[in-house]
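If you read the sequence shown in full-length UniProt numbering, its first letter stands for residue 1, the second for the next number, and so on. Positions of the beta carbon are idealized from the N, C-alpha and C atoms, including for glycine. Just so you know, these numbers come straight off a predicted model, no measurement behind them. Okay, structure first, notes after.
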Amino acid sequence: MLQRLSNVSVKLIRYCSSKPSAVPLRSKKPKSKSATVRSFDDMKPVRVIGGKGGDGCVSFLQLYANDKAGPDGGDGGNGGHVIFLASRNVASLNHITPELKGLPGEKGY
């Protein structure tokens with residue numbers, strides 16, 4: 001009697017495994033035929049601020065032979081520039097921040 005149960009279960013497994021793979025109930029949703037709407041900006045107001053110049057150094061020259069030597073401190077560096085470059089690869093100006101600042105200048109020595 002145990003052999004019959006094992007034979008039945010083996011046949012059932014074979015029967016289940018011979019079925020074709022699962023089929024979806026509905027087909028995949030087709031892609032939309034209309035174009036997706038994207039916002040396009042070809043003009044954008046931007047506030048541009050050049051970089052602050054570097055701080056100068058206040059220093060006086062001290063020489064053994066000349067007690068009253070003049071100042072010798074260095075001037076600070078120029079502030080950074082903000083430059084716009086046109087490109088054909090840019091589709092829209094949405095990614096530009098509303099305020100652009102240049103880098104500060106170096107300190108004088």
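Open item on the list: Which complete alpha helix (DSSP H) runs does the segment 69-106 hold, if anything under 4 residues is left out?
Closed with: Those alpha helix (DSSP H) runs which fall completely within the segment 69-106 and span 4+ residues do not exist here.
TODO: Mind reading off the beta-carbon distance from Gly53 to Asn94? Whole number of angstroms is fine, and I expect it under 8 Å.
DONE: Walking along the sequence shown from the start, residue 53 turns up at place 53. Walking along the sequence shown from the start, residue 94 turns up at place 94. Not a contact, Cβ separation roughly 32 Å.
Open item on the list: Judging by CA-CA distance, which residue of Leu85, Pro30, Arg26, Glu106 is the nearest neighbour of Asp75?
Closed with: Within the sequence shown, the letter at position 75 stands for residue 75. Looking at the Cα atoms, Glu106 is the closest of the given residues.
Open item on the list: Once the 5 residues before and after Gly51 are set aside, which same chain residues still bring their CB inside 6 Å of it?
Closed with: In the sequence shown, the residue the question calls residue 51 occupies position 51. Non-local beta-carbon contacts of Gly51 in its own chain, meaning distances under 6 Å to residues more than five positions away in sequence, involve Gly79, Gly80, Gly102, Leu103, Pro104 in chain order.
Open item on the list: In the DSSP output, what is Arg47 paired with across the bridge?
Closed with: Locating residue 47 in the sequence shown gives position 47, where the first residue counts as 1. Partner residues in the beta bridge of Arg47, as assigned by DSSP, are Glu99.
Open item on the list: DSSP three-state label for Phe40, please.
Closed with: Translated into positions along the sequence shown, residue 40 becomes position 40. It is coil, neither helix nor strand.
TODO: Starting from the C-beta of Asp72, find all residues in its chain whose C-beta is less than 7 Å away, skip the five residues before and the five after it, and write them out in chain order.
DONE: Counted from its first residue, the sequence shown places residue 72 at position 72. Only Ser59, Phe60, Leu61 meet the Cβ criterion.
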